[in-house]
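Just so we're aligned: 272 in my numbering is position 257 of the sequence shown, and the numbers increase by one with no gaps anywhere.
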Amino acid sequence: MLRCGLCTLLAVLLLLAWLPIREVQAQAQTAEPKLLQLSLKAGSTAATVNGEKAVIQKPIEDNGVVLVPLGVFKKAFGSTVSLEGDDVVKVMYGPHTGAMTIGSTTAWKDGVKVTLPVPPRMVDGTLLVPLRFVAGVLGARISPLSGGGLLVTLASSASEQDTPETGGIDSDVGKTRIGNSYYHWSLNYPPGLVVGDSGGNESVATFTSAENQYYLEVHASPLEKAADPEELLDRLVREAEEGGETVLDRTAFPDAAVPYARIVSKDTSGVLWEGRQYYSSGILYELYLTDDTAANYKDLNKYASLLNSFRPSFKAGDKSIRDLSTVINGLREGYNDDYGLSLQVPADWSMDDQHLNYESAEGSYLRVKVTSAPSGSTLESWSKDLDSQIKDTYVTDAYAIQETVKKEVSGEPALVKETRLNPGSGWSTKYQILLQKSGYRYYAEYLAAAGQDEDKARFQTILSSIDIDFDRVKENFGKLATEDYPALRSQAVTKSSKTYGYSIDIPRLWTPYQDVFETQTVEYRFTGGRFLINASPEGSVDYAVGLLQSYYKNSKNDPKGPQLIKVEETAFAGVPATLLTVRQTKGGIPVQTQQIVFGKNDLVYTLTATLNDANATSVQQADLDKTLKSFRLAGDE
Numbered sequence: 016m017l018r019c020g021l022c023t024l025l026a027v028l029l030l031l032a033w034l035p036i037r038e039v040q041a042q043a044q045t046a047e048p049k050l051l052q053l054s055l056k057a058g059s060t061a062a063t064v065n066g067e068k069a070v071i072q073k074p075i076e077d078n079g080v081v082l083v084p085l086g087v088f089k090k091a092f093g094s095t096v097s098l099e100g101d102d103v104v105k106v107m108y109g110p111h112t113g114a115m116t117i118g119s120t121t122a123w124k125d126g127v128k129v130t131l132p133v134p135p136r137m138v139d140g141t142l143l144v145p146l147r148f149v150a151g152v153l154g155a156r157i158s159p160l161s162g163g164g165l166l167v168t169l170a171s172s173a174s175e176q177d178t179p180e181t182g183g184i185d186s187d188v189g190k191t192r193i194g195n196s197y198y199h200w201s202l203n204y205p206p207g208l209v210v211g212d213s214g215g216n217e218s219v220a221t222f223t224s225a226e227n228q229y230y231l232e233v234h235a236s237p238l239e240k241a242a243d244p245e246e247l248l249d250r251l252v253r254e255a256e257e258g259g260e261t262v263l264d265r266t267a268f269p270d271a272a273v274p275y276a277r278i279v280s281k282d283t284s285g286v287l288w289e290g291r292q293y294y295s296s297g298i299l300y301e302l303y304l305t306d307d308t309a310a311n312y313k314d315l316n317k318y319a320s321l322l323n324s325f326r327p328s329f330k331a332g333d334k335s336i337r338d339l340s341t342v343i344n345g346l347r348e349g350y351n352d353d354y355g356l357s358l359q360v361p362a363d364w365s366m367d368d369q370h371l372n373y374e375s376a377e378g379s380y381l382r383v384k385v386t387s388a389p390s391g392s393t394l395e396s397w398s399k400d401l402d403s404q405i406k407d408t409y410v411t412d413a414y415a416i417q418e419t420v421k422k423e424v425s426g427e428p429a430l431v432k433e434t435r436l437n438p439g440s441g442w443s444t445k446y447q448i449l450l451q452k453s454g455y456r457y458y459a460e461y462l463a464a465a466g467q468d469e470d471k472a473r474f475q476t477i478l479s480s481i482d483i484d485f486d487r488v489k490e491n492f493g494k495l496a497t498e499d500y501p502a503l504r505s506q507a508v509t510k511s512s513k514t515y516g517y518s519i520d521i522p523r524l525w526t527p528y529q530d531v532f533e534t535q536t537v538e539y540r541f542t543g544g545r546f547l548i549n550a551s552p553e554g555s556v557d558y559a560v561g562l563l564q565s566y567y568k569n570s571k572n573d574p575k576g577p578q579l580i581k582v583e584e585t586a587f588a589g590v591p592a593t594l595l596t597v598r599q600t601k602g603g604i605p606v607q608t609q610q611i612v613f614g615k616n617d618l619v620y621t622l623t624a625t626l627n628d629a630n631a632t633s634v635q636q637a638d639l640d641k642t643l644k645s646f647r648l649a650g651d652e
């Protein structure tokens, strides 16, 4: 009686939380994203929702934390609110889910457990929730207003604009199934199912129950060759055994509505898992479910109805299915919470939101970096520095600098540079976005690889999608690294290895790929080249040189294979050495490699310098020569 009564009361209270001053005229929906805004102030019933005045239950402030009526998020942003049990409230927007318990500081954001500074609470019959937590779930930005008010903004997707603007708890608007339209799958959506954090990977979905009774993963990946249930079963068993698991039960279901294979296994920590695999239309679907309380393989049978509801299909336009996909017109959102930065990324690219690094299998990429601006820097001076960097790292016929264009990015003036580059494998197009604000530089680099015309055509859409919460950056960061090309151009840092007895000066502009100098091999990379040091306690100089000569023999006379141009005896770092010069074409790119082999104190050293012809400028060659000359053996310094 108490549970049912509270459910009804809470739903009614949330429905009544809004007292509109006047009706909002319905607006025609468009396929383009629009900016949604909510302004409010702690202690005031006055609010503005997307330009319309409204009266709300007064937000309150508790130890610096603003709590607001839950219903405002539905009204302003079209988010979904549902009640699970008698005290668990879920807020959903697109693929994102937040779950809170009334009176508790424990909450979940996309499946990740977090601690709220203050708990949600009932005040005068209205549920108030922490503003910043819910805004974070939605991906909204919070900015201060004059007079102590707050402005919450959210760039809505076209799919969210279709959400009916009804207030209150709506049981996820009647959604009974959940899935991914991009990867074409769906399953039942029972009460208490909470969407987890997939790490920004569209091909993976994770779920937990609100009471943490079970955990479920759904994976989708390409599989070129069709597989029947017996083959799927072999895959499941092999993968489990290779992972050290014990298989407790195994079955293939060729006559099921959707044929599949199933196993139950015990992992190395004693936890039981049910694994399933399905194949459909070139995609392998994998489901993995675990329950920490399961002691016998039969204990997982209670989840059969949920798992049996899986289908390798998604009915477009079916309003009863909640779509976890963020893909719109072939793009999906990338987001970094620390920087408050969001942007659209091609759906089939790999995504690393933490490092703001996105790449395609064909070589196109998008990279974003935030640094501190050098003293006295302007957009124009920064642009000139980048031009100088191109000229220093590409030979004249390998680049073509295009016109620099003034643009507005996230409401701020910016420059967009376009440069065409040809390392030998065809012309690619690189776009550089330059924005500077409040002492920080915001730099985005987008490369459309040669032959990837679709990636090039997407640039303007991606450019217009960039949204940055500049206040978030000021709040979360102090002094950052300063990437001042003219200053760094002549700087080097000394690196030493006590274990292998050497020191060397490495240019500051080189990027470490493996820079633990107490290991045998270190590697640095730079534009069009790489530099390696290997120190081996085994073999001899003659043996190492012989191995290299054998490797470079190119017995099949492949014109693109390695060609040993020259072998000469010389001196290096005060000891006799052998220098090998090799020419090769890799991926259509002509490359020259020099390797210096020498020995001292029972160690064999091999230094390798590789440089593409397109990047063999006098500046880059001078850097390599200077770096090699800086190499010092212990005792010779």
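In this text, a Cβ means the ideal position worked out from N, Cα and C, and glycines have one as well.
Backbone CA spacing between P356 and T112 [nearest angstrom]: The sequence given here has Leu at residue 356, not Pro. L356 and T112: Cα-Cα distance of roughly 19 Å.
How would you label R253, buried or exposed, when you count the other beta carbons within 10 angstroms and need 16 or more for buried? exposed
For the beta strand (DSSP E) containing E583, list its first residue and its last residue. Q578 to F587
In three-state terms, what does DSSP make of G118? coil
How many angstroms separate the CA atom of P269 from the CA atom of R136? 51 Å
Please go through the same chain and pick out, in chain order, the residues whose beta-carbon is closer than 6 Å to the beta-carbon of Y500, but skip the five residues on each side of it. D400 and Q404
Between L371 and Y312, is the Cβ-Cβ spacing less than 8 Å? no
Rounding to the nearest angstrom, what Cα-Cα distance links D557 and A472 in this structure? 54 Å
Euclidean distance between Cα positions of V1 and G439: Nothing about residue 1 can be read from this structure; the chain reaches only from 16 to 652.
Just to confirm, are W622 and I548 a CB contact at a threshold of 8 Å? Before going on, a small fix: residue 622 reads as Leu here, not Trp. Cβ distance < 8 Å, so L622 and I548 count as in contact.
Closest to E232 by C-alpha separation, out of S201, S479, S119 and P574, would be which residue? S201
Might you give, ordered along the chain, the residues of its own chain that have their beta carbon closer than 6 Å to the beta carbon of T514, omitting 5 neighbours on each side? E533
Residue range of the beta strand (DSSP E) that includes P501: Per DSSP, P501 belongs to no beta strand (DSSP E); it is in the alpha helix (DSSP H), Y500 to L503.
Taking the alpha helix (DSSP H) that G207 belongs to, which residues open and close that run? Segment: none, G207 is in no alpha helix (DSSP H) and carries neither H nor E.
Nearest-angstrom Cα separation, counted from T526 out to V612: 24 Å
Tell me the DSSP bridge mates of I193? L202 and R337
Close-in-space but distant-in-sequence residues of the same chain around V360 (CB under 8 Å, 5 per side omitted): L346, R347, E348, G349, M366, Y373, L381 and I477
Just to confirm, are A267 and E301 a CB contact at a threshold of 8 Å? no
Assuming V209 contacts A235 under a Cβ cut-off of 8 Å, what Cβ separation, rounded to an integer in Å, is found between them? 20 Å between Cβ atoms; not a contact.
Check for me: the alpha helix (DSSP H) holding T3 runs from which residue to which? Nothing about residue 3 can be reported from this structure: the residues present for the chain run from 16 to 652 only.
Look at the alpha carbon of V634 and the alpha carbon of V410, and state the distance between them as a whole number of angstroms. 10 Å
Put A46 into one of helix, strand or coil per three-state DSSP. Low confidence applies here, because A46 scores a pLDDT of 43, under 50, leaving its location unreliable and the question unanswered by this model.
How about L449 and W397: do their beta carbons lie closer than 8 Å? yes
Please give the ranges of any beta strand (DSSP E) in the region 335-416, keeping only runs that are unbroken, at least 3 residues long and fully inside the region. 336-338, 346-351, 356-361, 365-367, 372-374, 380-387 and 414-416
Local Cβ density within 10 Å of Y528, reported as buried at 16 or more and exposed below that: exposed
Determine the contact status of I519 and F646, defining contact as a CB-CB distance below 8 Å. yes
For the alpha helix (DSSP H) holding D638, just list the boundary residues, first then last. S633 to K644
Apply the 10 Å Cβ neighbour rule to A496 and answer buried if 16 or more other Cβ atoms are within range, or exposed otherwise. exposed
Is it buried or exposed for F329, if we count other Cβ within 10 angstroms and need 16 for buried? buried
Give me the residue from R192, L524 and A502 with the minimum Cα distance to S320. R192
When K190, S218 and L594 are compared against L199, the one with the closest alpha-carbon: Correcting the residue identity first, residue 199 is His in this sequence and not Leu. For H199, the nearest C-alpha among the options comes from S218.
Where does Y229 fall in DSSP's three states? coil
S97 by DSSP, collapsed to three states: which one? strand
Are L251 and G290 close, meaning C-beta to C-beta below 8 Å? yes
Residue environment, N616, which counts as buried when at least 16 other CB atoms sit within 10 Å: exposed
Just to confirm before moving on: does the CB-CB distance between V87 and I71 stay below 8 Å? yes
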